[in-house]
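Participant: Residue numbers (the UniProt record's numbering): 1 to 195.
Note that beta-carbon positions come from the ideal geometry of N, C-alpha and C, so glycine has one too.
So, in structure tokens, the structure goes:
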């Protein structure tokens, strides 16, 4: 564990409310980013993120201070976020995310690109990627997002998914392969349309 994580877990152990504020401050953007990438909707990501932190707080209240000290906050939160996402998918009729919906969500993100041309290109690329991610099977999508968007290690993803590291590596590899196929097909279709 690094020093920041140790400080956070010590705070959670000694003062739950203060520690939880730090937990949210330090990990809210990663949780939201993960949920946005798996859902394709900024609104759903915000709602599911709130549910994630509500469940996290409820769980932490029942944990002993010693258990809070041993916590790996990022992996633990991603486990909760993935479970919240899975429960959400199970309880609703799944509607595909359109590219327009993904573009709208991406347009609301602050973009630090210097010019409007670069900003438009980045937003369009991001929208295409978000739409492609929503086409992946759930297990592959979750693994790819945890690895490349959230930046989690394979071992942390394995812990969050309750599966072996080899399974996570396979899920990420298959997910990336499928993404390449989807994006190559998208590029080919766009090339045909512009001719």
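Using a Cβ-Cβ cut-off of 7 Å (strictly less than) and excluding sequence neighbours within five positions of residue 174, which residues of its own chain qualify?
Facilitator: Same-chain partners within the cutoff: 140.
Participant: Are the beta-carbon atoms belonging to residue 61 and residue 16 less than 8 Å from one another?
Facilitator: Contact: yes.
Participant: Distance, Cα to Cα, residue 182 vs residue 160?
Facilitator: Residue 182 and residue 160: Cα-Cα distance of roughly 27 Å.
Participant: Apply the 10 Å Cβ neighbour rule to residue 7 and answer buried if 16 or more other Cβ atoms are within range, or exposed otherwise.
Facilitator: Exposed, because fewer than 16 other Cβ atoms sit within 10 Å of the Cβ of residue 7.
Participant: Find the nearest neighbour of residue 186 within the set 127, 46 and 153, judged by alpha-carbon distance.
Facilitator: Among 127, 46 and 153, the Cα nearest to that of residue 186 belongs to 127.
Participant: For the pair the segment 144–154 and the segment 30–43, tell me if three or more CB-CB distances fall below 8 Å.
Facilitator: Because the criterion of three Cβ pairs below 8 Å is met, the segment 144–154 and the segment 30–43 touch.
Participant: Cα separation between residue 21 and residue 48?
Facilitator: Straight-line Cα distance between these residues: approximately 18 Å.
Participant: Give me the residue from 89, 39 and 73 with the minimum Cα distance to residue 9.
Facilitator: Per the Cα distances, 73.
Participant: Under 8 Å, do residue 131 and residue 68 count as touching if we go by C-beta distance?
Facilitator: No, the Cβ-Cβ distance between residue 131 and residue 68 is not below 8 Å.
Participant: Do residue 84 and residue 51 have their C-beta atoms within less than 8 Å of each other?
Facilitator: Result yes, Cβ atoms of residue 84 and residue 51 sit closer than 8 Å.
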